[in-house]
Every structure is written in structure tokens, then in C-alpha cells.
Amino acid sequence: MDPETATPAPRTAVTPRLEVSLEDSGPFLRASGLILDEISAVRVTGHLELGPEHHTPWGVVHGGVYTAAVETAASVGASVAVRDQGQVAVGLTNTTHFLRSVTAGRVNVDATALSQGRTQQLWRVDFTDESGRLIAHGELRLQNVAGKS
């Protein structure tokens with residue numbers, strides 16, 4: 127808060143904060159359809175509602191949707207983990223494995239921290255379908271860097 131005007135200070139895209147809304151993101155991320163349900167420094171859960179707008183020309187969900195969700199969910203949790211140090215976490219390596227194709231429906235997203243060090247973090251993100259089957263998973267290695275204020 128600005129003490130002279132009692133108004134909130136403007137946020138930048140990399141200011142660490144617990145309240146995360148992808149509505150503050152650009153059109154690419156909003157189009158992915160990722161909804162974050164729970165956010166903590168060690169786990170982020172959410173879901174995707176997938177349909178034809180996410181399809182490849184062959185009628186299945188584009189792998190980039192999952193890759194973007196890996197980057198987003200892990201980056202949010204990792205940034206929450208280092209926000210008290212005035213840092214954010216940025217992705218360095220994103221490896222996503224596709225196990226089953228999906229055409230439509232709800233896909234659950236579960237991101238968990240595997241390692242949280244002083245300078246880097248490693249997160250795993252699992253995607254399960256409505257019957258609980260693993261359809262994709264990814265790992266994101268992140269670097270902890272100074273955040274902008």
C-alpha cells in the first residue's frame with residue numbers, strides 16, 4: 127500500500143504474491159484454460175476443462191497445453207516458496223511426457239515440489255483424467271531469481 131494515498135501499489139507480472147489469478151496473464155495462458163484450485167509453497171492443484179479449442183488438426187488435445195500447465199503450476203508454487211526472500215522462480219527446463227490422448231473433459235493438475243534449494247527447485251506435475259488415470263506428467267527445473275517490486 128502507498129501510505130500517502132492508501133491505495134495498493136501497482137503489481138508487476140513477476141511480483142511474488144499468494145493470490146494468483148491467471149486472468150492477470152496474457153491471452154495465451156488464459157486460453158489454456160488452467161484453473162488453480164489450491165496454492166502452497168510445496169503443492170499446487172488445479173484443473174483444465176479441455177475441448178475442441180485445445181485440439182491439434184488431428185482432434186486430440188495439443189501437448190503444448192500440458193507443457194504450458196507444467197510451467198504455470200510449478201512456477202506459481204515455486205515462486206510462493208521464495209517470495210519471502212524477495213524472489214520469484216523462473217523455468218529453466220520443462221520436460222513433459224504424454225501417456226494418453228484426450229479429446230475433451232476435465233483433467234486434474236497436481237504439482238509437487240521434489241527439491242527446493244537456495245538457488246534452484248525441481249517440481250513434478252501430474253495430469254489425471256476423470257477416472258484418475260495418469261495421462262501426462264512433467265518436470266520443471268526452476269531458478270530462484272530476484273523479483274521486481
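The opening residue of the sequence shown carries number 127 in the working numbering; numbering runs sequentially from there.
Note that the Cβ used here is the ideal one computed from N, Cα and C, for glycine as well.
The structure displayed is predicted, hence computed values, not measured ones.
* To do: Assuming L268 and G212 form a contact by the criterion Cβ under 8 angstroms, report the distance between their Cβ atoms to the nearest whole angstrom.
  => Between G212 and L268 the Cβ distance is about 16 angstroms, and since that is not below 8 angstroms, they are no contact.
* Asked: Can H173 and H223 be called in contact, C-beta distance under 9 angstroms?
  -> no
* **beta strand (DSSP E) segment containing A272, residue limits** => 260-272
* Identified DSSP bridge partners for W249 -> A239, L266
* Residues that F224 bridges to, as DSSP identifies them -> A262
* Taking G172 as part of the beta strand (DSSP E), name the residues at either end of that continuous run. => 169-176
* Asked: With respect to 8 angstroms, is the separation between the Cβ of S241 and the closest non-hydrogen atom of the ligand HEM below this value?
  -> By its list of ligands, the structure shown contains no ligand whatsoever, and the ligand HEM lies outside what it can speak to.
* To do: Can you grab the Cα-Cα spacing for the pair F253 / G177, in whole Å?
  => 16 angstroms
* Considering only residues of the same chain and omitting the five flanking positions on each side of Q246, which have a CB-CB separation below 8 angstroms? -> L218, R267, L268, Q269, N270
* In the DSSP assignment, what are the bridge partners of V233? -> L174
* Asked: Do you know offhand how far V191's Cα is from L155's?
  -> 9 angstroms
* **Start-to-end residues for the beta strand (DSSP E) that takes in E164** => 160-165
* Asked: For A204 versus W249, is the C-beta spacing smaller than 9 angstroms?
  -> yes
* Answer with buried or exposed for S201, where buried requires no fewer than 16 other C-beta atoms within 10 angstroms of its C-beta. => buried
* When burial is assigned at 16 or more other CB atoms within 10 Å of the CB, is T193 buried or exposed? -> buried
* Asked: Considering only C-alpha positions, which residue in the set E175, T221, G185, V208 is nearest to V235?
  -> E175
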